[in-house]
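Okay, so the sequence shown: first residue is 1 according to full-length UniProt numbering, each after it adds one.
For glycine and all other residues, C-beta sits at the position ideal for the given N, C-alpha and C.
Computed from a prediction, not measured in an experiment: that's the story for all the values here.
Accompanying notes for the structure given below.
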Amino acid sequence: MDSGTGERITTYTRNGLTFDVRDEGPVAGAPVVLLHGFPQDSRSWSRLAPLLHARGFRTFAVDQRGCSVDARPRSRWAYRSSELVADVEALIDRIGRGPVHVVGHDWGAAVAWWLGARRPDLVRTLTALSVPHPAAFVRALLTRRQIRMSWYILAFQLPVIPEKLLAAGGSVRRYLISSGMSDAAADRDLGAMRDRSRARGGLNWYRAMMMTAPHSLPNRVRVPTLYVWSDADAMLGEAGARLAGQYVDGPYTFEVLPGVSHWIPEEAPEALDALLGAHLR
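The following block contains the structure:
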């Protein structure tokens, strides 16, 4: 059944995996797919989504691969970019209303970039938060500053130890809070990581990065694109942010949120909503 008829989507399946979805807002509203990052889940959109609903949009916040209880394959190979993008393609097909607006934060932004490049027929507009186009990020890794900021990517390649640290909270919680995340959000997100399979699923996104050959990075993006970076981001520096526009051939807008940390959707939902209000039109 077409979701536009009033049916709410709570789950969808792909290749034997079942993904949980928060389908909210006016049932007849234009669909906006929301893609979270790590270590978060669909709850990270809880402050932004109501603002989009007030504008008449219907939001679909999905718990992505490794996060949904019934979509946590063990192999890191299962988390390569082609699988992550195909998961979102399946959601858009399930929504069944043609191209949709796609908004992604952190890892969700990387998936949004890949989707926009590979399947522009499915994307009405693309909004990436924090993470630049993957090719721009790779170029930024040639700078000392981005290498220092990305130390955790190498740390996550270790077996077992990262899972134990996430489950324990402690030092990870202190790092998240120092990066700008609220106490409540850190407790919420790390609480979920006490489940070993959940922690492993999230970490496998990083572990699968090492299997991504340079030639498989996404191509140029031709759909209308908004990229939002915040200058107090502890994980992503300015180098990659400034390079992102070089990989967009379609209409492109780059916005900087001054004084805002990496956690844009929860820290600055009103400012983000204002930007989206113009972009999604």
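Assuming contact is defined by CB atoms lying nearer than 8 Å, are residue i and residue j in contact in what I supplied?
i              : j             : result
tryptophan 263 : glycine 180   : yes
leucine 84     : arginine 97   : no
leucine 275    : histidine 101 : no
aspartate 70   : threonine 10  : no
tyrosine 252   : alanine 136   : no
valine 131     : leucine 51    : no
leucine 129    : valine 228    : yes
alanine 186    : arginine 196  : no
arginine 145   : alanine 234   : no
Please report the straight-line C-alpha distance between residue i and residue j, rounded to a whole angstrom.
i              : j              : result
threonine 13   : arginine 22    : 15 Å
arginine 74    : cysteine 67    : 12 Å
aspartate 121  : arginine 222   : 10 Å
methionine 210 : leucine 257    : 31 Å
tyrosine 206   : valine 160     : 14 Å
aspartate 2    : histidine 53   : In this prediction, aspartate 2 has a pLDDT of 43, which is less than 50 and means its spatial position is unreliable; what the coordinates show is noted afterwards. Distance between the alpha carbons of aspartate 2 and histidine 53 is about 19 Å.
leucine 232    : methionine 149 : Here residue 232 turns out to be alanine, not leucine, going by the sequence shown. Approximately 12 Å, taken between the alpha carbons.
From what residue to what residue does the beta strand (DSSP E) around residue i run?
i                 : result
phenylalanine 137 : Segment 134 to 140 is the alpha helix (DSSP H) holding phenylalanine 137; no beta strand (DSSP E) there.
residue 298       : Nothing can be reported for residue 298: it is not among the residues displayed for the chain, which extend from 1 to 281.
leucine 35        : 31 to 35
How far does the alpha helix (DSSP H) with residue i in it reach, from first residue to last?
i            : result
leucine 115  : 107 to 118
valine 172   : 170 to 178
arginine 188 : 183 to 192
leucine 154  : 151 to 155
Beta-carbon of residue i versus every beta-carbon of chain B: anything under 8 Å?
i           : result
arginine 97 : Checking the listed chains, one finds no chain B in this structure; it contains a single protein chain.
Which runs of the alpha helix (DSSP H), 4 residues or longer, sit entirely within the region 43 to 85? 49 to 54
Would the region 33 to 44 and the region 102 to 110 be scored as touching if the rule is three or more Cβ pairs under 8 Å? yes
Touching by the beta-carbon criterion (3+ pairs, under 8 Å), the region 190 to 202 and the region 37 to 55: yes
Quick check: the region 162 to 170 against the region 136 to 146, are there 3 or more CB pairs under 8 Å? no
Counting beta carbon pairs with one atom in the region 218 to 237 and one in the region 114 to 129, are three or more of them shorter than 8 Å? yes
At what residue ranges does the region 236 to 272 contain a whole run of the beta strand (DSSP E), taking only runs of 3 or more? Taking only runs of at least 3 residues, the beta strand (DSSP E) segments lying wholly in the region 236 to 272 are 252 to 257.
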